[in-house]
Each structure stands twice: as structure tokens, then as C-alpha cells.
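Asker:
Quick look at the structure:
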């Protein structure tokens, strides 16, 4: 009675593919889990900003001009535009199209570098130091949080790009390229609310 | 006789063993991605810490047993309760529940490993970094001393110079990274790696509990990571998040901390409900009464747990309407919890219970947790809470909930799955002795604290005067604690002795119903040669002569089956990660970054390089080079 039962085959899965694209794949769900974690962090940081904003007599405090809009707008336009080649890359990766995927990775890598450059100018023109007051601390918190995500995906994209030019990918690696593009979509989508909190709120308060 | 074809188990086992076994010796120890080995070291580490936190507790009980004691000064006492609380909450309770999930979930799914094996290894090494982050500074006399939640302004740069607070805050970053890694892994494994036939509606309750707890962890823990990072920033780079003079707010810290802190209680408690479900079902010898209501109540707890955090802040002086809302929400969560208690009682009532040690722990849980739940309903009322907060009533309540509600089921789970993990049975006699000593000692030790609280004894005082009249009950509390610790030592001794000398258990000594009992005890590195197919909630009831399985997963490569979220239909095969040193190297790089960032913010900048390099090596896919790359590297085509 207390012995292992015999095993009888009732089906075979040998013909199943060795990877699946998008939400049908396993890795996508892991990436999604980390997006949930990071998304929760963004929401809570934004909530903290609104919490202190609601209590502040003036936002920004006396003597602090709002962040300069020019570089912020340029960053916003470019990151929103980056969604187009990113979606194209995701589709080509899911079709296991190697030349197109390589091209897409190079384009996204270049866009990431350009965005990091713009972000540097943005940070230099926030018109407040993090150590000046709570307003400055929160502005910098939101910007650092988002910048760390841009940088993470940029490093990831560059590594995958180098790998794709030097190796012969299989379906699992195309799925990785697709999932990396999905993560960039997350980075793009998180920016507009942060833009409104950082650039809009000081102007409308 | 039956004409069904039978697979050659011996050949399949030999081939799987070759594919899944670790390298021998130290290298194998450092590189393993076997969920059972990693979970085992997680459990052992948490138990060592439980012992150390227990010693601290005894020390504090001794200090308080008599008035006017000065064997421990105020500073020493502050350090003792901070170390005790921080260790128990961050380094024992949450990690041990996740470790149990890490060990059990793949086995209960008939799987060979979890979805992301290397993430498990990374999680453990990072967790170990958190343990060292707290206890090594303690050895160097840099012990945090502001309690397990370190409110500013007391913990801010103005009132807490030195690095005691930084040590505490960064220990949290370590442990939360570790916990989040396991949680994503557990949730994805449960959602995408169920065996054929195990639809969501046929999923064992332990898996439901772990899925709920994992999602709660994913949504709650970012709050504490954020708030402790903000605290470190206030201390290190002069930000002003919690500085009212510069527009910050100390209450923001409390909101963020308890937005994590209250779900945390349920992140500890919900897995325990999963243990209870499996134990009650097995030893009642019938299916759990009210499967669907229990699942719904788990989901309800998960939602409500995020709407209660303010009841930890009633004494702050919140608007009355807010306090009333959180009073109502705090009382409401008693409903789904109570419903489950009734379901366990109904299952026992309608079954044929076998009063073994695991079931005794569950019965102890029901009795103790009901007391803790009732004192929780009492303190949910804002006016009463205002009287009781920061008194020993709260100490009694939280220990009834956490020890009775989580550790008793955990000890029951240890007894229940010990034969599966070791292939040997625990001594029932000594198991029962240890249960009665712990159960009796705990209640003797903690029940009087309700009265001490009502008599006005505050928490976190290192001594008191004769005239307060608190001595007799404190002596009783000391006696109870000593008895409970004695019981705990017998529990450990029983486990150690049985590990070597216990009677062989066989694969399914309890005649249980779930899939982990359909593999050998202890399970081999690959767990299952073939993925099982199930058609009910209790696939091993009645005990099958033959277990239906699917073939086609590689026996010679590490490969797992991925299925659909709701119906568990087969979707694809997935290569399962091989052993690797890179999770350990990544954890070391992350640890160096975290420790360095206590001293300089530049550590976060420079730390990015080794962390990125280690993660790149971790995820680098090993495939054939392109002809151009081969020429470039001078390799033969």
C-alpha cells in the first residue's frame, strides 16, 4: 500500500515547442511579476508625492521654480515615439525574424542611449536639489526610480544585441527579445504619470 | 490483470538522475539550483535564527520577571527587543513560509523544479546577506535599538547618529529582495506549471494559499523597500522625506511602513492556512469541507489585508471618519478567517480524525488563534485600541496571532512533511511531548500578558518598580516561556534523532491525497521522471495502482512542462536552468552594493557594474556562435 504506484502513459508532449511567445511563455510571467513589483513601487512613490503635496502650502516651495519643461518634453516625445519601433521589434522577434530583430535591437539601443542623454539634461534642469526640501527629495525620487528602469532596459538591450550578432538564436532567445521589448513598453507606460507629477503638478498647484 | 502499458521506471530514473544531479562537494553546494536543497538550507537558517531570537526572548523574560532588575540596562534591552522582533519578522517568519513553498510547490505540482531555479539560489544567498547584515554588526556592537519598526524622527539623522538604523534598514532591503524573488517564482510556478488536469478549481488549498500569499508579497513588500530606502536617503544624502521642517512628514513613514506591515501579518498567516488545509484533510481522511468558500475567503483576506494598515496608527490622531472606516475593515477580516476555522472544524467533525502530532499542532492552532483573533477584534476598535496600544495586551495579541496562527501550523507542517523530506518518521511519542510543552508553555507564558496590559504595563520597558504589582504575572510568563523553549528543544532533538534513526517512512506514510506523496521519500533530484495527470482534488484517493503520466519531456536534459493558467492545458516545454555559480556571484555583488550604500551613495553607482556583469553571465544563453563570431574569436568552424 505504501509504495510508489506504477506509471502509465496517457499522453505525449514531445511535439510541443521549446518556447512560446508573449503571455503563453513562462519567462514572460516572470518579467510580468517584476513589473508588478516595480509598478507597485512607482504607485507608492507617486502616492507619497501626492501625500506631501496635499499638505504643502505651496508646491513647489517659495523660491524654487518648476523643472524646466524643454528637456522633459523632448524626453517624453522621444520615449513615446520609441514605442513604435519597440512594438515592431516585438512582432519581428515573435516571428523569429533574425535580421529584423537585430536591426530593431540596434535601433532600440540607440534610442536608449539618446534617452539617457536627454535624461541627463533633464536632471540638470530640475531647478532643485534633492537636499533642498521634501519637494526636491520627491522630484528626485521619481526621476531616479524611472531612470534606473531606463538604464536597466538599455543595458539589457545592448547585451542582447551583442549576443544576437554573435550567436545563432533559437525560439527561446527570440522569446527573450520579445519579453525585453515588453519590459520597454512598461518603462514607456510608467513615464507619462511621472511626467505629470514632476512637471505638471508644480505648474498647476 | 490490467492491460495498461507500464513505463520502465528504473531506466527513466537513471537517466533523470544523470541529468539532474548536482556536482559533488563544495562546488555542488555553491552552484545547486535544486529547490529542495535551497529550501532546506533556508529552513535550517530560519530555525537557527528562531533559536537565537528565542534565547533573546528568554533573556528579556528573565529581565522582567522581577522588579528593579539591572542585569540588562535600558540600551541592552532596547537592542534585545529590536533584534528579537526584526529577526522574527524579517528573517524567520516570512522566509520560512517561503522556504516551505519553495520545497513543496514543485512536488505538489508533480514538477521537477520551479519556474526560475537560479532565482531561488539568488534568493537564498541574498537572504543570507540580510542575516549577516543584522547579526555581524550585532557582534561588533552596532545593534539596531529602535524596535522592529523604526519611526522617524527617532530614526532620522537628528536623533540616531551612527549606523544602527542603517543596519536595520539595509537588512530589510536584503530580505525583501530575497522574498520578492521567491514570490515571483512561486506565483509563476503555480500559475504556469500545474500538471495536466489540475485546473484552478482542482488545485490543492496549500497551492491556493501560496499563490495568494505570493501575490500579496509582490504588492506589499515594495512599500517597505521604498520607505526604508527613503529613510536611508534622509540619513545619507540629506533628503527630507520625513523632516517636517523642510516639508516632509513623519506620519508618511508610518503609512508606508504599515501598508506593508499589515499585509505582512497575512503573508505569514495565509501559508499557515495552507498547511492547516492539507493536514486537516489528510488526518480527517476526507476532503476538506467547503473548498470553494475557503478559496474565496483566502482571496477576501488578501483584499481586506490591504485596507487595514491604519489600525496600527490609531494613536497618531487620525480623523474620526478614517478611524471608523479602518475599525470596520479590521473587524470585517475576522469573517473570512472565522469561516475557514469553521470549515476545518466541519472537516474534522465529518471525518474520521487520527490524532497524530501534525493534527495536534493544528488543533493547538485553532484554539490559540481564536484567542488571538478575538483580542484582534477588540483592538480593532479605535477607542479601546487607544487604551491598549503599546501595552502588554498588544504583546499578547501579536504573539497569539503569530505563534499560534503561524508557527503552530508550521511545526505541524514540519511533522507532516518530515517523512517526505527525510524518508524517516518522527517519534510520535516525543512529538506529542514537545507539542504539549510548547502549547502549554506558550499559553502559560503569554495569556497573563493580557492582564498585564490591562493593568497598564507598557511594552518596551526594561524594568519596573515593586509598587506596580506586575511581578507575579511576569514570573508566570517566565515559567511558561521556559517550558515552551524546553518543548522546542525536544522538538529539535526529535527531528535530529529521527533523521538518523527514525523508522523508514515509505513514500506515503499518512495515506495522503496530494501529488508530493507520489514520489520517493526523500525525493530524488528530479522529483518525478514523468509529469502526472490528475482528475480530482485528491489524486491519490483512493490509492491508485497506476498513476497516469505524460511522456515526451526529456529524460536526458533538464526540461519542465509549461501549461495554461486556468485549464492547465499543455503549452510548451521549457529548458530548466542548470546549476550555476552566477546567482551566488550576483548576490555577492548586490550585497557589496547594499553594504557600501550605508557609507556612500556612490556605492550604488559603482555597484551597478559588478551587478550588471554578474547578471549578464547568469542569463547568457549558451548557443552556437555565428560563423563571423567564430572567425573573429579564431575558433574552428
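Residue numbers (the working numbering), protein chains in the order written: chain A, 99 to 303; chain B, 1206 to 1842. Glycine included, every Cβ here is placed at the ideal spot set by N, Cα and C.
1) Do you know how far the Cα of residue 1317 (chain B) is from the Cα of residue 1899 (chain B)?
2) Hey, could you find the ends of the beta strand (DSSP E) residue 1776 (chain B) is sitting in?
3) Can you check the region 1768-1832 of chain B for any beta strand (DSSP E) of at least 3 residues that lies completely inside it and give the ranges in chain order?
4) Quick one: give me the first and last residue of the alpha helix (DSSP H) that residue 1582 (chain B) is part of.
5) What number of angstroms, rounded off, separates the C-alpha of residue 1769 (chain B) from the C-alpha of residue 286 (chain A)?
6) Measure the alpha-carbon distance for residue 1523 (chain B) versus residue 144 (chain A) and round it to whole angstroms.
7) Assign residue 1206 (chain B) to one of three DSSP states: helix, strand, or coil.
8) Using a Cβ distance threshold of 8 angstroms, determine whether the region 1824-1832 of chain B contacts the region 254-273 of chain A, with at least three qualifying pairs required.
9) Could you give the residue range of the beta strand (DSSP E) that holds residue 110 (chain A)?
10) Using CA coordinates, which residue listed in B:1754, B:1731 and B:1781 is at the minimum distance from residue 1220 (chain B)?
11) Tell me whether residue 1217 (chain B) sits in a helix, a strand or coil according to DSSP, three-state version.
12) In whole angstroms, give me the CA-to-CA distance for residue 1294 (chain B) and residue 1213 (chain B).
13) I'd like to know whether the C-beta of residue 99 (chain A) is nearer than 9 angstroms to at least one C-beta of chain B.
14) Do you know whose CA, among B:1704, B:1612 and B:1716, lies nearest residue 1301 (chain B)'s CA?
15) Can you tell me which residues form a DSSP beta bridge with residue 265 (chain A)?
16) If we count the other Cβ atoms within 10 Å of its Cβ and call it buried at 16 or more, is residue 262 (chain A) buried or exposed?
17) For residue 268 (chain A), decide whether its Cβ has a neighbour in chain B, counting only Cβ atoms nearer than 9 angstroms.
18) Of the choices B:1458, B:1415, B:1440 and B:1549, whose alpha-carbon is the least far from that of residue 1504 (chain B)?
19) Which chain B residues sit within Cβ distance under 9 angstroms of residue 265 (chain A)?
20) Look at the alpha carbon of residue 135 (chain A) and the alpha carbon of residue 203 (chain A), and state the distance between them as a whole number of angstroms.
21) Determine the contact status of residue 1307 (chain B) and residue 1244 (chain B), defining contact as a CB-CB distance below 9 angstroms.
22) Residue 180 (chain A) and residue 282 (chain A): beta carbons closer than 9 angstroms?
23) Does DSSP put residue 245 (chain A) in a helix, in a strand, or in coil?
24) Would you kindly work out how many angstroms separate the C-alpha atoms of residue 1639 (chain B) and residue 1691 (chain B), rounded to a whole number?
25) Given residue 1399 (chain B), which residues of its chain have a CB within under 6 angstroms of its CB, disregarding the five upstream and five downstream residues?
26) Beta carbons nearer than 8 angstroms to chain B: which residues of the region 114-130 of chain A have them?
27) Please name the residue in B:1437, B:1386 and B:1482 whose C-alpha comes closest to that of residue 1806 (chain B).
28) Using a beta-carbon distance below 9 angstroms, is residue 111 (chain A) in contact with chain B?
29) Please go through the same chain and pick out, in chain order, the residues whose beta-carbon is closer than 7 angstroms to the beta-carbon of residue 217 (chain A), but skip the five residues on each side of it.
30) Please tell me whether residue 1601 (chain B) and residue 1649 (chain B) are closer than 9 angstroms, where the distance is taken between their beta carbons.
31) Under 9 angstroms between C-beta atoms, does residue 1206 (chain B) make it to chain A?
32) If we require 3 or more residues per run, which beta strand (DSSP E) segments fall completely within the region 1616-1703 of chain B?
33) Along the region 279-292 of chain A, where does the CB come closer than 9 angstroms to a CB of chain B? Name the residues.
34) Under 8 angstroms by Cβ, that's how I've got residue 1752 (chain B) and residue 1737 (chain B) pegged, so tell me the actual separation to the nearest angstrom.
35) Would you list, in chain order, the members of the region 152-165 of chain A that have their beta-carbon closer than 8 angstroms to a beta-carbon of chain B?
36) Between residue 1544 (chain B) and residue 1499 (chain B), is the Cβ-Cβ spacing less than 9 angstroms?
Answerer: Considering the structure as presented:
1) There is no way to answer for residue 1899 (chain B), as the model of chain B reaches only from 1206 to 1842.
2) 1775-1780
3) 1775-1780
4) 1562-1585
5) 28 angstroms
6) 22 angstroms
7) Reliability of the predicted coordinates at residue 1206 (chain B) is poor, the pLDDT of 45 falling under 50, and the value obtained from them is presented with this limitation in mind. If DSSP states are grouped into helix, strand and coil, residue 1206 (chain B) belongs with coil.
8) yes
9) 104-110
10) B:1731
11) helix
12) 47 angstroms
13) Per-residue confidence for residue 99 (chain A) stands at a pLDDT of 49, beneath the threshold of 50, marking its modelled position as unreliable; no derived number is given.
14) B:1612
15) B:1830
16) buried
17) yes
18) B:1415
19) 1826, 1827, 1828, 1829, 1830, 1831 and 1834
20) 26 angstroms
21) yes
22) yes
23) helix
24) 8 angstroms
25) 1314, 1768 and 1773
26) 114, 115, 116, 117, 118, 122, 123, 124, 127 and 128
27) B:1437
28) yes
29) 173, 245 and 248
30) no
31) Caution applies to residue 1206 (chain B), whose pLDDT of 45 falls short of 50 and renders its modelled position unreliable; the model cannot decide the point.
32) none
33) none
34) 6 angstroms
35) 153, 154 and 159
36) yes
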